[in-house]
Structure formats: structure tokens, C-alpha cells
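Spelled out as C-alpha cells, the structure:
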């Protein structure tokens, strides 16, 4: 077994599956504005109420959070041969470099219950997700009527989660029913995924005191791993099973992986070779379109690159070390000849980390990342998270037309992929650019439209107002 990297959730003994707290640093809308503000215009931290729309927002109660209605998953755009390889690596490989000996899944109907104090809106998100799992993945999963279920979702405070796993935003554990049960069994083999030979009972621990989007993101990722594969792969551009956290709700690819996981041809206890022998027929039946697409297998992601990018994204690492790690990731990608989303990720992360001191160089890195992504199908969301970074640069330099051109496609893309933080940020920035261009009425309308999405993406009033201040301070004064 290969040595396990400390950043991997499988490094722990016993290992646990969790969503890392650095995920916000990988998402443009969560960290863009404070850095861009400090780097580009020397923010004062005051809220400019000179425009009527902005003043009204500053003095009023914000509207309630909006919510997404229908999902818009796109079917996989890749060959079944490539998807079969992904399926095997997701189910049998571990992030730390080890392997799992057998295939596991739930057998029979799956029941689910919710405990704790779920916040408003959670029931809506859970109902939507369970319906998608039934309809798109064909999984027999329902809410339990009583106090027992095969899957327990417990909503607890962020503090409680950090106390249990300091680097986790949320996590899933086998063979426990509550956080108290987890603390009692933490060192037990029962909670070790690598020793699991069948799935009987699992518990998800989700934060109840975060924004609606953050809670939903945790719900999608942790429930998907509870039901299906345990691994994440950076080479996947169209999946939540990727630690870059570009996709945060289950995609068409993810639903295909889960549907194949519960195909009748497979059963718990199969070896990798046994699963591999059945996958071509399963995928031909479930995804006939993928039979006619030529394979385009991406090379495996080296452990050195993974270690570098995780260090670059680490919230508890010194900035100088993070910058060095990001440069290392970019150099590894160049030496490997990459022209895919992974190299774009390295360029984007490096640009973000140097933007405060070298905004011109950062803008060039963002442009290089965009050039790579434009040549790779299915990366519109990757591009959409870079565009606000580049637009902030234009706004700070008094170039509203350039900013509006960069931002124009972002709201529609963000809405389709259900990223309210990105959607609201793009709308706020569009409003600032319109103000800068003298289109004050249009700016007020767009800014007001951003608020409900900001409540979903960022949470309480104070967080939304902070985003409004940060965006307002991008403008040259």
C-alpha cells in the first residue's frame, strides 16, 4: 500500500470521509472580494450609500433567501470506457493512495432519518435530493417513519463538528447513529471504511449554523459518498467527487455513477476484476450515448500535485508556503504537458494567492487558465468562477464595459449549476459596473435581484451586507 498523505481523510486511524474546510478557498465567490478589494483599490471598509439603491439596501431588512427549484443535470459528455475507469478508481482507490479490497453498497431498501435541529430550508433541500436519487439514480431511498434508519443525518453546530474532526466542514461515518456514538466508537474498527465489507448503517454530520448553500453542498457530497464511491479524483471535471469543489450539487455524471453502483449486475463483496468485467454492459445499458464517444483518458493525477494543491488551499498554512505550493502545482502540470482543468486550477489558485501583491500577474494567470478551459468541453462552470476575479480587476481600473462583458454569462451558468454565492456575487458586481457606467436605475434593479440569492449563498443579513460592502469598494474612489 502506498504511503498515505496527511491531507487525505484516509490518513486518520480510523479513517473518516469528510469535506475539508478549505473548500471556500477553492471557490471564487467566497473569497474573491476581500482579496480583490485589498489588492486592487485599497479598501476603506465603509459602505458607500451615495446611490439611492445602495442606500435603501443599507437601511432596510433584506429579502428572504431564494431557493432553486428544478435541477438541470447534464448527461456525461465522455466515453463509457473512460467512465468505467472512473467508476473503478472511485470505488476501489483511496485518496491517500491505498485500495479497497471489495465493492460495497447498501443492499435492499434504504431508509433515512434526520435528527438534531435542521435549519429552515433543509427539508426542501433533502426532499429535492431524495427525489433526484430515486428518479435519476434509481436508488430505493425513503424517509423513515420511526426512530431507526439505515442512514442518519444529524445536524449539529460547526463547533461540534470541528471538535470531532478539526479539518472537517461535515463528514460521514459507518456504523454509528449519532455524534455521541461516533465519539464513543471513534477508535473502533467499526468506523474504519477500509475494513468495511458491507454497508449497514451510516451517519452524516452536517453543520446547522452555516448558509443554506453550504449546508446543501455538504448534504449532496456526504450522502453521495454514504451511498456510493468513497474516493475523490481531481481528473474529474464534471463531478462532486473531486476535491476542487467546482461542482457542489450532484451532476449527471454523479447520478450515472450512483445508478451503476446499484445496478443488479453488481453485488457487495465483488472484487475490482469482477466489477470491471460487468461494467461495460452496465454502462452500455445505462448510458448508450457514451458508446459512440471516442475515449479521451486523462493521465492519473500525481501525488506530488495533489499534495501541492492541497497545501496551496490550506487555510492554516502561511501565505508564502501556499504560494510556493501553488507554483509547484503549476510546474508539475506544465512538465506533465497538461492542458486540462487541473492545470487551470493550479493557475487559478496561484493567481488568487498573488493577487494582493501582483494584480497584473494574477490577471495574466487567470487569462491563461481561461484559455485552457475554453479548449476543454464541459468547463463552463470552471470558467464562470474565474470571470468575477477578472471583472474585479476591470472595475477597479474604471473599465465597466470590460467588466460587464466578463460577467455577462456568469449568472445563467451559476443558476443552472445552483451556485447562489457565485450568482449573487456576479449580480452585485454587474451592479457596480453599471453604476460606474452611469446606468443607475439598471444597477439598482440588478443589485436588488442579487439579495435573495446572497441570502442563500452567504446566509444572514450581516454576511450579505459584508459582500455588498466588499463589492462596492472595488470601484475606484
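Residue numbers (full-length UniProt numbering): 1 to 477. The beta carbon of each residue, even a glycine, is placed where N, CA and C say it ideally should be.
The region 150-160 and the region 111-120 touch, with no fewer than 3 CB-CB distances between them shorter than 8 Å.
Setting aside the 5 residues that flank it on each side, residue 391 is surrounded in the same chain by 403, 406, 407, 429, each with a C-beta closer than 6 Å to its C-beta; the list follows chain order. By the Cβ neighbour-count rule, residue 355 is buried, with 16 or more other Cβ atoms within 10 Å of its own.
It is roughly 41 Å from the alpha-carbon of residue 102 to the alpha-carbon of residue 351.
Counting C-beta pairs with one atom in each stretch, the region 414-434 and the region 64-76 have three or more that are closer than 8 Å, which means they touch. The beta carbon of residue 257 sits closer than 7 Å to the beta carbons of 87, 90, 228, 229 from its chain, once the five residues preceding and following it are set aside; these are given in chain order. When DSSP reads this structure, residue 440 sits in no beta bridge, so it has no partner.
For residue 372, the enclosing alpha helix (DSSP H) covers residues 359-374. Comparing C-alpha distances from residue 187 to each of 218, 175, 197 shows the shortest one belongs to 175. Taking the CA atoms as reference points, residue 453 sits about 39 Å from residue 292. Collapsing the DSSP output to three states places residue 149 in coil.
Judged by their CB atoms, residue 394 and residue 411 are not nearer to each other than the 7 Å cut-off. In the DSSP assignment, residue 205 falls within the unbroken beta strand (DSSP E) covering 202-207. In the DSSP assignment, residue 112 falls outside any alpha helix (DSSP H) and within the unbroken beta strand (DSSP E) covering 110-116. Around the C-beta of residue 467, 16 or more other C-beta atoms lie within 10 Å, and the residue is accordingly described as buried. The shortest CA-to-CA distance from residue 245 to any of 253, 236, 252 is the one to 236.
Residue pairing from DSSP places residue 93 in a beta bridge opposite 99. Contact between the region 263-279 and the region 324-343 is absent: fewer than three C-beta pairs spanning the two stretches fall below 8 Å. DSSP places residue 385 in the uninterrupted alpha helix (DSSP H) bounded by 380-396. With 16 or more other CB atoms across the displayed protein chains lying within 10 angstroms of its CB, residue 177 is buried.
Cβ-Cβ distances below 7 Å link residue 442 to 434 in the same chain, with the five nearest sequence neighbours on each side left out; the list follows chain order.
In the three-state scheme derived from DSSP, where H, G and I count as helix and E and B as strand, residue 469 is classed as helix. Taking all protein chains shown into account, residue 375 has fewer than 16 neighbouring C-beta atoms within 10 Å of its C-beta and is therefore exposed.
Closest in alpha carbon position to residue 362, among 343, 341, 389, 377, is 389.
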